[in-house]
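Participant: One structure, as structure tokens, below. Some questions next.
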Amino acid sequence: MDTVFPQERLLQVLDIVSALAGLDSVDDVVQLSLDRLPGIVPLDPSALSLIVNGLVQPDQDVPSAQQIEQALCAGATTHTHAFTPHERELLHHVCVAMGAALERVGQAGAGNALRERVAKLEQRCAPRALAPDRAWAVSLEPLCIIDANGYVELANPAWQTVLGWTEAEMSSQPFTAFVHRDDLAATQAAWIKASERGQAVVRFENRYRTSGGVWRWLSWVAVPEDGKVYCAARDVTDEKQQREALILRTRERDVLAAVFQATNLLLQVIDADYRFLAINQASVDDYWHLFKRRVAVGDRLTDVLADRPEQLQAVLALWDRALGGEAFSLQQTSGQAAPEQRTSEMRFEILRDHEGKQIGAFMTALDVTEWHEQQQALVETQEALRQSQKLEAIGQLTGGVAHDFNNVLAVIKSSIELLRRVQLGDERRQRFMDSISSAVTRGARLTGQLLAFARRQALQPAVFDVGNSTRAIGEMIGSLTGVGVEVVLDLPDQACFVNADQSQFDTALVNLAVNARDAMQSRGTLSVKVASVDGLPQDGLQPAISGMFVAVSLHDTGAGIAPENLEKIFEPFFTTKGVGHGTGLGLSQVFGFARQSGGDVRVVSTPGAGTTFTLYLPCAAQPLAGGSTPGVQHALPGGGGLRILAVEDNPELRAMVESSLHELGYATTIVTSAEQALALLRDDAEPYAAVFSDVVLPGMTGIDLGRALARLQIDIPVVLTSGYSHVLAQESDHGFLLLPKPYALDDLARLLHEAVLRRDRAASVAKVSTTHAMTLVETVFGQPPRAPDEAVERVRLAELAALHIMDTEEEAAYDELTHLASTFCQTPIALVSLIDDKRQWFKARVGLQARETPREHAFCSHAIEQPEQVMQVVDATLDARFVGNPLVTGDPGIRFYAGAPLVTSTGQALGTLCVIDTEPRKLTAHQLDALRLLAARVIERLEARRVELSLGAPHDSER
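Everything in the sequence shown is counted per the numbering used here, starting at 3 for the first residue and increasing by one.
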């Protein structure tokens, strides 16, 4: 802010500047300064004398103007009076003149010759007597005299140094021509103030253009005198930039500090001594909430939590990781229970200085409790929506089922009513009976399609070639589509095997073909292509799936599917056809069959350009050659008086089963539960040729009955029957013959006959090789294992001893493989077990504290006796080998066991990689493959140990 400054003091400054320029000795310069300076700025004369005489010493270098100014300012601070900005500006110009004078007289000496020369110059340059001659010329700051018209009359050389303009260039146009246009108004106001009002202008700043086109900031002191304005300028561009940068940095610091304190994030910074370098208010409040401690910058974390050693140890463990150079994130929950329990997302980072050296660490934490609660609420809402959608689908499903089944029941009821009329002839009676049979078939087909959609049908998978099956059904497709549709088959030369229910596969192809025919209105081309593909591509929200698949594509040239219907086509009873033209379950059956078989079905459709349905099924290995060869079909023989033990809890069906079996020539014993049947067979199974049991029974199911008979070594065939069972859907590999409901009498006769024949063949094989059969029974069904061959066992123990692995330290490689086995097989316990003559010792273990058990208790001792396969015990409490085992009856309470033998390159099974659970269960095919693969990795580690020890195979003498 400019103020009116006494004109006399400005003139005094110009006068002292001129006087200093004419002095020839240091003493004169000092004396003039001591005499005249107190009249310009308020300095104590004695203090001024001490300061100036202290600067000017004969044995010292001449002080610069900056040194003089700094010393005088420092001297002034010792008194009660401090310089104002205007006084500082006047003092600056005087100090510049003093510095120039001292430098001049110091270089030239203090002789008379200089004074005479000055006198001559003064006489020769009388018009310039008032101009600061030497100081004018050597000044580093621009000085100038501007006439009343605004033109530069005189300019010192500093103008060219600072701005690049010569004196002639400066004088060629008004001084305002060099001023930035944004500063013109303020500059004109300052000019009027000085030139017209006769007032001095101090510390006025504007921008001047350099000869290179760059703008520089100048700070002015302007004093009017005799119609002219005497000006001194100082380049303050760098100062202004530094000042503005400082302002920006200060503002940024203030903003960051405000954000730092206002945010609800927890922000903490510590150094290597656990001292807080910074901590925001949210963190302070958090420490108070958790530990009842007030924390401030400078506090040491170890002091804050000194009386809470457990919490201190946990907190330091995290900070030590960060101070050790690790950046990491984690989620941590504090508090015992809601609402005090909170969950935080924490991030630790390394704090470095400007040279990149670590000087500490900092932590940010965000309370995500509400977010987790919102996510949980979202999940619950989505689940509620899914349930609502399920109810809607069930309503649609119920309506469709009721409609179709009422049609079926109407046929049956009408036919039965007509059959009751005595006057009906044989031909009409037979026709009505055929109608009833046909209606039952349609009802069975309808339920089969429903179960297929729900993926609950009882599949009977077998390995077959998709190409051959498609070729065989191609003629049927041609008949279904009619002569107006051309069917084109594109089948591979190589076989494409899948493991699926072939009848359901054929049904799926027929449903897709019929759908294509209707889309083309019985006119067009249907292309059927079979190929092996590597993985399933991503399709919208459906993710890509890796693995080898057989793809069966059916492309039609119909009108295509409207985009709004694409997501609905697999829904049950959804159809765009008219009433009476299809049930809307065909594509549902395809979808359910594909998903239940481990595959998928994808659809691509362009309105007006046709539709392509692609059925994907996982590839399977080629089946082994051999097996039974179908013979000539013969009429099925009767029961021949053989007794069948039937199990059925429904009274009406029980009567029907008994009648049917009698009709086929079988004697029957019928019970209402599997438990009753098991009791009869345990007492005496000899009278019964086979068991015919429903699957869904109160208590023990039909599958449970069959497995219990196997465990008890009761050799009797089991035939199961069911209309639907979730057990069958989940355990399609149960291994028993299955007769789907409703069934024909011929189907019942065929399956019972096949079951009896199977037992007869097994009995024949047993007679041929009794010893082998007995060994098999002992191994599988839990009789005490026979002692191993002494010679073989001696070799095995010698190899185990040579590896020197028993009682060695734990190794990360074995531990990792054991953890992977536990993870893949989803069991709480996994072990790398090695068996010597007395004990089972664990090289690696998960979920078990013990390092060894006696060999007589070891499940693995049984597993190594069948080294070619994984031994799996579904329920140890039902296995005669283990029912009294302390590991089953006591800790750890083993119910399930699966062990893959560790067979080395010499053929010796040294132990197993095994997984254990305390609940009965069974490994899936993928889990079994994973267990075998991990066991192979363990064997690789053992073989590597053999190489490290330079061991070869055991010598023949050891065999």
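In this text, a Cβ means the ideal position worked out from N, Cα and C, and glycines have one as well.
Tell me Ser695's beta-bridge partners as DSSP assigns them.
Facilitator: DSSP, once it has assigned bridges, lists Val649 and Leu722 as partnering Ser695.
Participant: Measuring CB to CB, does Val32 end up less than 8 Å from Val15?
Facilitator: No, these two residues do not count as a Cβ contact at 8 Å.
Participant: Determine whether the beta carbon atoms of Val299 and Ile281 lie at a separation below 8 Å.
Facilitator: Contact flag set, yes.
Participant: Between which two residues does the alpha helix (DSSP H) harbouring Ile941 extend?
Facilitator: First-last of the alpha helix (DSSP H) with Ile941: Ala927 to Glu950.
Participant: Going along the chain, which residues of its own chain have a beta-carbon closer than 6 Å to the beta-carbon of Val962, five neighbours each way excluded?
Facilitator: Residue 962 lies beyond the range of the chain shown here (3 to 961); nothing can be said about it.
Participant: Express the C-alpha separation of Ser548 and Pro653 in angstroms, rounding to a whole number.
Facilitator: Cα to Cα, Pro653 sits roughly 50 Å from Ser548.
Participant: Go ahead and pull the three-state DSSP assignment for Pro65.
Facilitator: Reduced to three states, the DSSP call for Pro65 is coil.
Participant: Please go through the same chain and pick out, in chain order, the residues whose beta-carbon is closer than 8 Å to the beta-carbon of Pro494, but skip the five residues on each side of it.
Facilitator: Here the set comprises Gly469, Val532, Ala533 and Ser534.
Participant: Sort Ala515, Gln678 and Ala510 by Cα distance to Gln598 and report the nearest one.
Facilitator: Here the closest residue by C-alpha is Ala510.
Participant: With H, G and I counted as helix, E and B as strand and the rest as coil, what does DSSP make of Gly901?
Facilitator: Three-state DSSP puts Gly901 in a strand.
Participant: Can you check which of these residues, Gly484, Pro463, Val490 and Gly486, is closest to Thr472 by C-alpha distance?
Facilitator: It is Val490 whose Cα lies nearest to the Cα of Thr472.
Participant: Beta-carbon separation of Val204 and Lys195 under 8 Å?
Facilitator: In this structure, Lys195 does not lie closer than 8 Å to Val204 by Cβ.
Participant: I believe Leu267 touches Leu368 by the beta-carbon criterion, under 8 Å. Please report the beta-carbon distance rounded to the nearest angstrom.
Facilitator: Leu267 to Leu368, Cβ: 6 Å. Contact.
Participant: Taking the alpha helix (DSSP H) that Phe826 belongs to, which residues open and close that run?
Facilitator: Phe826 -> alpha helix (DSSP H) spans Ala814 to Cys827.
Participant: So, do the segment 824 to 838 and the segment 915 to 928 have three or more beta carbon pairs nearer to each other than 8 Å?
Facilitator: These segments touch.
Participant: Are the CB atoms of Ala553 and Tyr618 nearer to each other than 8 Å?
Facilitator: Yes; because the gap between Cβ atoms is below 8 Å, this pair is in contact.
Participant: Smallest Cα separation from Val271: which of Arg857, Asp838, Ala264 and Gly362?
Facilitator: Residue Gly362 is the option with its Cα nearest to Val271.
Participant: Nearest CA to the CA of Asp288: which residue from Thr189, Ser336, Pro144 and Glu650?
Facilitator: Minimum Cα distance to Asp288 is reached at Ser336.
Participant: In whole angstroms, give me the CA-to-CA distance for Leu683 and Val905.
Facilitator: Between Leu683 and Val905, the C-alpha separation is close to 40 Å.
Participant: How far does the alpha helix (DSSP H) with Gln506 in it reach, from first residue to last?
Facilitator: From DSSP, the alpha helix (DSSP H) with Gln506 extends over Gln504 to Ala521.
Participant: Output the boundary residues of the alpha helix (DSSP H) element that contains Met172.
Facilitator: Here the alpha helix (DSSP H) through Met172 covers Glu169 to Ser173.
Participant: What residues match up with Val914 in a beta bridge as DSSP calls it?
Facilitator: First, the amino acid is wrong: residue 914 is Thr here, not Val. Ser835 and Pro903, per the DSSP bridge assignment.
Participant: Are there three or more Cβ pairs, one per stretch, closer than 8 Å when the segment 865 to 877 is compared with the segment 922 to 932?
Facilitator: The segment 865 to 877 vs the segment 922 to 932: in contact.
Participant: Threshold first: 3 residues or longer. Then list the beta strand (DSSP E) segments lying entirely within the segment 217 to 269, N to C.
Facilitator: Complete beta strand (DSSP E) runs here, min 3: 217 to 227 and 230 to 237.
Participant: Can you tell me the Cα-Cα spacing of Ala308 and Arg295, whole angstroms?
Facilitator: When rounded, the distance between both Cα atoms is 11 Å.
Participant: Take every Cβ of the segment 27 to 43, pair it with every Cβ of the segment 87 to 107, and state whether three or more of those distances are shorter than 8 Å.
Facilitator: Counting Cβ pairs under 8 Å, three or more are found: they touch.
Participant: Is it buried or exposed, Trp138, if we count other Cβ atoms within 10 angstroms and call 16 or more buried?
Facilitator: Trp138 is buried by the Cβ-count criterion.
Participant: Just to confirm, are Arg713 and Leu880 a CB contact at a threshold of 8 Å?
Facilitator: Cβ atoms of Arg713 and Leu880: closer than 8 Å.
Participant: So, is Arg430 buried or exposed, given that buried needs 16 or more other C-beta atoms within 10 angstroms?
Facilitator: Exposed, because fewer than 16 other Cβ atoms sit within 10 Å of the Cβ of Arg430.
Participant: Count the other CB atoms within 10 Å of the CB of Gly612; is the residue buried (16 or more) or exposed (fewer)?
Facilitator: Label assigned to Gly612: buried.
Participant: For the pair the segment 185 to 193 and the segment 62 to 78, tell me if three or more CB-CB distances fall below 8 Å.
Facilitator: No, the segment 185 to 193 is not in contact with the segment 62 to 78.
Participant: Output the residue ranges of the beta strand (DSSP E) runs that lie fully inside the segment 331 to 375 and measure 3 residues or longer, sorted by chain position.
Facilitator: Listed in chain order, they are 344 to 354 and 360 to 369.
Participant: Look at the alpha carbon of Gln496 and the alpha carbon of Asp467, and state the distance between them as a whole number of angstroms.
Facilitator: Spanning the two alpha carbons is a distance of roughly 9 Å.
Participant: Could you spell out where the alpha helix (DSSP H) holding Ala157 opens and where it closes?
Facilitator: No alpha helix (DSSP H) contains Ala157, which is instead part of the beta strand (DSSP E) from Val154 to Ala157.
Participant: Check whether the Cβ atoms of Val238 and Ser221 sit closer than 8 Å, and answer yes or no.
Facilitator: Against a cut-off of 8 Å, the Cβ pair of Ser221 and Val238 comes out as a contact.
Participant: Give me the residue from Gly486, Ser174 and Thr443 with the minimum Cα distance to Lys743.
Facilitator: Comparing Cα-Cα distances from Lys743 to each of Gly486, Ser174 and Thr443, the minimum goes to Thr443.
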